[in-house]
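Asks: My questions all concern the structure below.
Residue numbers (UniProt numbering): 1 to 286.
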């Protein structure tokens, strides 16, 4: 469990963004080198020294446990702030699934009203991509192998259209209609048929991660100047921007998930190793 939300219970003396009682969240990373080219561009998610929130070793040698722990000590730069009234049970999924689709949609220009976006796959990433696409004002079509998802797509998520990828006639009728495709599928699959769906200069954005190599034919890629791109989560500045945007979108839509518990977050802005040692000493003395 990489991402979680909770209530701030302690703050360091130099913390400026948080106060006691604030709602805060921690996403997929808790540290980075902060000195490389990517960190300087607010792309800490691409830093070679990025430390992930769960099952990694932090700079002080402590293993990160993410949302499996009851509390966390985190530097304020790697926490995001939720506005008052934003429901916690709807917030945690945004810190992984949300930023995973929000970041490339913004970066590659799919956040413009009137764009036609196709979302491939309707799992954790796919349903959030649909919600963001609609919030951006785009026309959103969902592609799935399962016709049974048609009702959910239209009624629950508000997508504009549904396309069964196994229907060759419907797929051919959609050729040349897409500005971009968000591919959330993690199983091995052929992306070549989707290239025909794109307009000139259209993009397939890979956010799903199949373990097997992808095979594509070059000519559908070359004809029309199309591209296949990749993306993984997002930087902290961008994640806070997404949370603020989602707060407005949630007031108009539905995105409810169950939250089994609240984490207790301690936001600090001083030596992390020293603070953890003090915390361990307090626990030993209990």
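All C-beta atoms, glycine included, are put in the ideal place defined by N, C-alpha and C.
Mind the definition here: the stretch 162-175 touches the stretch 105-117 only if three or more C-beta pairs lie below 8 Å; say whether that holds.
Replies: no
Asks: Taking all protein chains shown into account, do 16 or more other C-beta atoms lie within 10 angstroms of the C-beta of residue 119, making it buried, or fewer, making it exposed?
Replies: buried
Asks: Would residue 61 be called buried (16 or more neighbouring beta carbons within 10 Å of its own) or exposed?
Replies: Flag for residue 61 reads exposed.
Asks: Apply the 10 Å Cβ neighbour rule to residue 200 and answer buried if 16 or more other Cβ atoms are within range, or exposed otherwise.
Replies: Residue 200 comes out exposed.
Asks: Could you check which residue in 109, 132, 75, 211 has the C-alpha nearest to that of residue 202?
Replies: 109
Asks: Hey, residue 44 and residue 32 are a contact pair by Cβ (cut 8 Å); roughly how many whole angstroms apart?
Replies: 4 Å
Asks: Between the stretch 97-105 and the stretch 142-155, are three or more C-beta pairs nearer than 8 Å?
Replies: no
Asks: Please list, in chain order, all residues of the same chain as residue 186 whose beta carbon is under 7 Å from its beta carbon, the five residues on each side excluded.
Replies: 208, 209, 210
Asks: If you pair each beta-carbon of the stretch 87-94 with each one of the stretch 1-9, do three or more pairs fall below 8 Å?
Replies: yes
Asks: Among the candidates 216, 243, 233, 190, whose CA atom is the shortest distance from the CA of residue 165?
Replies: 190
Asks: What I want to know is whether the C-beta of residue 55 ends up closer than 7 Å to one or more non-hydrogen atoms of the ligand ATP.
Replies: Within the structure as shown, the ligand ATP is missing, as the structure has no ligands at all.
Asks: Could you pull the start and end residues of the alpha helix (DSSP H) that residue 179 belongs to?
Replies: First-last for residue 179: 178-183, but that is the beta strand (DSSP E), not the alpha helix (DSSP H).
Asks: For residue 214, count neighbouring Cβ atoms within 10 angstroms of its own Cβ and tell me buried if that reaches 16, exposed if not.
Replies: exposed
Asks: Output the distance between the C-alpha atoms of residue 123 and residue 181, rounded to the nearest integer angstrom.
Replies: 15 Å
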